[in-house]
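Working notes, beginning with the structure itself.
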Amino acid sequence: MGYNAWNAFQCNINEDLFLTTANLMVSLGLKDAGYHYINLDDCYALKNRTSSGAIVEDPAKFPSGMRSLTDKIHAMGFKAGIYGDSGWYTCAGYPGSFQHEAQDAHTFFDEWNFDLLKFDNCAIPYDDIIRQGIIGKYQRMADAIAKVARPIVFSLCEWGWSQVWLWGAKLGQSWRTTGDIGPDWPSLANIINFNAFITQATNFYGRNDMDMVQLGNGGLTYDEAKSHFTAWALMKSPLLIGTNLSAITNDVLGILKNKEIIAINQDPVVGESISPFSISSDYPPQYWSGDSQNGTVFMLLNTLNETADMSFNLTESPWIRAGRKYSVRDLWTHTENGTAVRNFTAKAVPPHGVVALLLKDAGDEPDGLYPACSVWYQCIDKNGTHVGG
Ligand code: GAL
0 MGYNAWNAFQ CNINEDLFLT TANLMVSLGL KDAGYHYINL DDCYALKNRT SSGAIVEDPA
60 KFPSGMRSLT DKIHAMGFKA GIYGDSGWYT CAGYPGSFQH EAQDAHTFFD EWNFDLLKFD
120 NCAIPYDDII RQGIIGKYQR MADAIAKVAR PIVFSLCEWG WSQVWLWGAK LGQSWRTTGD
180 IGPDWPSLAN IINFNAFITQ ATNFYGRNDM DMVQLGNGGL TYDEAKSHFT AWALMKSPLL
240 IGTNLSAITN DVLGILKNKE IIAINQDPVV GESISPFSIS SDYPPQYWSG DSQNGTVFML
300 LNTLNETADM SFNLTESPWI RAGRKYSVRD LWTHTENGTA VRNFTAKAVP PHGVVALLLK
360 DAGDEPDGLY PACSVWYQCI DKNGTHVGG
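Here numbering that gives the first Met the number 0 is used: the first residue of the sequence shown is 0, the next is one more, and so on.
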């Protein structure tokens with residue numbers, strides 16, 4: 000969890016922006032909410048390396064130098080992230096690290112003292128130069144990072160090319176699975192839908208990175224913004240705020256600081272993502288569930304353009320025990336919503352809106368409910384008789 004300046008500022012960055020942002024992270028309560036990384040993105044460097052091949056920060060943007068910036072960020076209790084590229088150039092045309100991996104790792108981690116590297120995928124050397132293939136291209140920096148004496152978070156920004164979710168965990172702690180997020184519902188729907196197929200790749204050892212949390216940059220309704228944050232958090236994506244904090248609204252701040260949603264993202268016991276459970280052709284899926292240290296999590300996503308009631312049978316989720324009833328906690332209204340027996344209906348979910356629930360076992364369901372099985376049509380008594388349905 001942290002901050003990344005790219006989505007709000009692109010190349011318009013300088014040291015004042017990062018220090019102001021770090022201060023706002025504290026004064027707005029975001030640091031206390033768990034956002035602990037302040038990450039630079041592209042465009043911090045000069046276009047040319049020094050004569051000895053080193054990357055240098057742009058002195059017009061960072062007059063006090065990078066080490067001074069990370070010292071100040073660290074002194075405020077944050078970790079600091081830097082950006083690089085696995086090819087010849089970064090996506091905005093600054094020096095990439097290909098064939099400079101060890102030297103750049105030395106600059107980033109020993110000299111500048113950063114704690115995290117986001118490593119991008121632009122300006123890829125052609126095949127008879129690279130030879131190792133795309134995994135090998137990232138392996139070079141992973142090897143350089145392995146030689147750093149302290150732990151560094153390696154965040155692969157490979158946009159889902161080459162099925163990075165299959166091998167990213169061997170090299171780093173997170174991997175972008177999709178292209179850059181846009182501040183609108185079709186972009187969110189695309190990212191959620193794509194990641195719905197690869198939820199198994201995420202766990203404590205590494206995360207599907209669905210890209211920055213794109214709130215407050217225009218293009219999303221309040222309900223869409225809640226859906227965005229809920230999906231990213233419950234699918235266990237990194238939560239990197241991409242908002243201009245000087246202009247943040249109370250609505251956006253309230254979403255980013257929802258403790259009960261963050262608690263699922265940061266669950267210290269269960270590392271898995273939620274996954275879709277109801278078989279249908281919804282795009283993206285509407286019904287999701289997953290395990291958590293405190294109960295079963297449900298996410299209901301109204302992908303329709305109109306308000307809808309959303310219902311599901313509890314035991315469609317594999318985390319629910321048959322024959323039991325469950326207390327229902329709403330993670331957005333922060334209220335207890337009674338006890339669910341067999342099924343649950345969320346009334347009037349707004350268009351592109353979300354409901355996030357935590358269900359806890361509350362004992363046996365009442366006797367004599369019929370049909371004997373709430374879901375499975377092959378429900379059979381021990382004497383072989385088909386029951387109900
Ligand atoms: C893209 C990346 C963005 C941002 C940008 C910088 O490839 O996906 O998140 O880092 O490069 O140029």
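Where is the CB? At the ideal position from N, CA and C, for every residue including glycine.
These figures come from a predicted structure and were not determined experimentally.
With a 10 Å radius around the Cβ and a threshold of 16 neighbouring Cβ atoms, leucine 299 comes out buried. If one requires a minimum length of 4 residues, the alpha helix (DSSP H) runs lying completely within the segment 132-178 are 132-145 and 167-170, in chain order.
Between tyrosine 36 and glycine 83, the C-beta spacing is not below 7 Å. In the structure shown, proline 185 adopts helical secondary structure according to DSSP, grouped into three states. The DSSP-derived three-state label of glycine 383 is coil. Linking leucine 16 to proline 317 through their CA atoms gives a straight-line distance of about 46 Å. Between threonine 332 and aspartate 308, the gap from beta carbon to beta carbon reaches 7 Å or more. In this structure, alanine 361 places its C-beta atom within 7 Å of the C-beta atom of threonine 338. Around the C-beta of aspartate 126, fewer than 16 other C-beta atoms lie within 10 Å, and the residue is accordingly described as exposed. 7 Å or more divides the Cβ of isoleucine 54 from the Cβ of threonine 20. Below 8 Å, enough C-beta pairs join the segment 168-175 and the segment 204-219 to call them touching: three or more. Taking 6 Å as the cut-off, the C-beta of alanine 91 counts as close to a heavy atom of the ligand GAL.
The three-state reading of DSSP puts glycine 205 in strand, counting E and B together. Bounds of the beta strand (DSSP E) holding tryptophan 287 are 286-291. Judged by DSSP in its simplified three-state form, glycine 337 adopts strand. Here proline 62 is exposed. Its C-beta has fewer than 16 other C-beta atoms within 10 Å. The alpha-carbon separation between phenylalanine 203 and aspartate 57 amounts to approximately 36 Å. Distances taken from the Cβ of aspartate 57 to the heavy atoms of the ligand GAL include none shorter than 6 Å. A check of alpha carbon separations from tryptophan 158 across Ile261, Glu259, Asp179 and Asp142 identifies Asp179 as the nearest.
Residue state for leucine 255 is assigned as helix, using DSSP reduced to three classes. In the three-state reduction of the DSSP assignment, lysine 117 falls in the strand class, which pools E and B. If only complete runs of 4 or more residues are kept, the segment 214-256 shows the alpha helix (DSSP H) at 221-233 and 249-255, in order along the chain. Boundaries of the alpha helix (DSSP H) around phenylalanine 17: 14-26. When the five nearest sequence neighbours on each side are left out, the beta carbons in the same chain lying within less than 8 Å of the beta carbon of proline 370 are those of Cys378, Val386, Gly387 and Gly388, in order along the chain. Under DSSP, asparagine 312 takes part in a beta bridge, and its partners are Asn342.
Contact annotation: isoleucine 263 and serine 291 have beta-carbon atoms nearer than 7 Å. Taken through DSSP and simplified to helix, strand or coil, methionine 65 comes out as helix. Separation of the CB atoms of alanine 104 and valine 152 is rounded to 13 Å, and the pair is thereby denied contact status at 8 Å.
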